[in-house]
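Using full-length UniProt numbering, the letters of the sequence shown map in sequence onto residues 1 to 186.
Let me begin by presenting the structure, written as structure tokens, before commenting on it.
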Amino acid sequence: MSLVSWAHGVAARKLADSLPRRWAHVEGVARQARRLQFVPEVDAELVEAAALLHDIGYAPDLAVLGFHPVDGARYLASIGTSPRLVNLVAHHSAACHDAEPLDLAYLLDDYEDERTPERDALWWADMTTGPDGETLTFIERMTEVRSRYGAEHAVSKAIDLSWSVRLGAVERTEARLAAAQVKNAD
């Protein structure tokens, strides 16, 4: 069984029935990640597997701490998932910045933020996919999240604090896609 097939099965069992909208988002993120298969310097299989698993920590039976990147990473580690995949899930989409306003940054101490093209690609896939799985620009996605949560919410504040870090990951990934001549999704 391929890594992507395994990740799809795990994520579907945890999210598809209990959180169908979250599952639609996850499937959209995985679709975005699949576009990386023609980018030579990116392990596209790893990114697609991480895309499928990145929000698994929202599953009702896994949401122990209430901080989904770490809840997901803890679960994945408990079932023997590779440390690299666990770390990508723990640190997806500027999780360290999301943790700061909640005073939860210490929860990420056990996980390495690898700062690689794969990490950038996972962030890009997540930050260019809307809540229903639709492809959005980075600006559209960040605007949608801020609108959904409100300007004073910790999530919106984290976006404001980490805007340049998030945008950097998106721009680097889009440059890699362009260099590999991968077309934008329609």
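Yeah, the Cβ is synthetic: ideal placement off N, Cα and C, and Gly gets one too.
This one's a predicted model, so the numbers in the text were calculated from it and none came from an experiment.
Using the C-alpha atoms, what's the distance from residue j back to residue i?
i	j	result
T173	D120	6 Å
V86	E152	30 Å
H97	S2	32 Å
Y58	L46	21 Å
A180	W124	16 Å
G130	L136	6 Å
V39	R146	31 Å
G168	P101	21 Å
T143	S156	9 Å
E48	W6	11 Å
A11	H68	13 Å
P20	A175	32 Å
S162	R13	32 Å
Please confirm whether residue i and residue j have their CB atoms less than 8 Å apart.
i	j	result
A94	L108	no
A24	A33	no
residue 202	V42	Outside the modelled stretch of the chain, which goes from 1 to 186, sits residue 202, for which no answer is possible.
L65	G72	no
F138	V170	yes
Alpha carbons only, please: which of the options is nearest the one belonging to residue i?
i	options	result
Y106	T116, A90, E118 and L36	A90
M127	E140, L102, P117 and E27	E140
A50	P131, G66, D61 and L76	L76
V70	A7, V26, R13 and D110	D110
S82	E112, V170 and L65	E112
Does DSSP classify residue i as helix, strand or coil?
i	result
T137	coil
T129	strand
T173	helix
A95	helix
H25	helix
P60	coil
Under 7 Å Cβ to Cβ from residue i, same chain only, skipping five residues before and after it: list those, please.
i	result
P60	S18
V29	A51, H54, A125, D126 and T129
If you drop the 5 nearest sequence neighbours on each side, which residues of the same chain put their C-beta closer than 6 Å to that of residue i?
i	result
A158	H97, D98 and P101
For residue i, I'd like the list of residues in its chain whose CB is within less than 8 Å of its CB, leaving aside the five on either flank, ordered along the chain.
i	result
L15	R22, W23, V26, D55, I56, Y58 and A59
V165	A94 and H97
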